[in-house]
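Student: There's a structure below that I have some questions on.
Residue numbers (the numbering used here): 1486 to 1568.
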């Protein structure tokens, strides 16, 4: 079984290619909480700090995000145009 690569995928309102932030694979509870809160972040256009796999803290202004979801980039099948 291949290692999971959970990734926050952000499609910005301005268009273009999605912005990808790889999440820590060992932070399963933290990643699950992020998934549960994404709809709230988008609805309220909040600024949230996301911790990446590399240990960086990235501030995302969800007021500029049209679509956000967490996907496993290790999967062979792609959704929403990802390859």
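Cβ coordinates follow ideal geometry from the N, Cα and C atoms, glycine included.
Taking the C-alpha atoms as reference points, what is the distance between residue 1518 and residue 1534?
Tutor: If I take the Cα positions, the gap works out to 13 Å.
Student: What is the rounded straight-line gap between the Cα of residue 1492 and the Cα of residue 1538?
Tutor: Rounded to whole angstroms, residue 1492 to residue 1538 spans 9 Å at the Cα level.
Student: Rank 1557, 1559 and 1552 by C-alpha distance to the C-alpha of residue 1501 and give the top, closest one.
Tutor: Cα-wise, what sits closest to residue 1501 is 1552.
Student: In the DSSP assignment, the alpha helix (DSSP H) including residue 1523 goes from what residue to what residue?
Tutor: It spans 1513-1529 - the alpha helix (DSSP H) in which residue 1523 sits, taken as one unbroken run.
Student: Hey, quick one: how far does the beta strand (DSSP E) through residue 1557 stretch, first residue to last?
Tutor: Residues 1550-1557.
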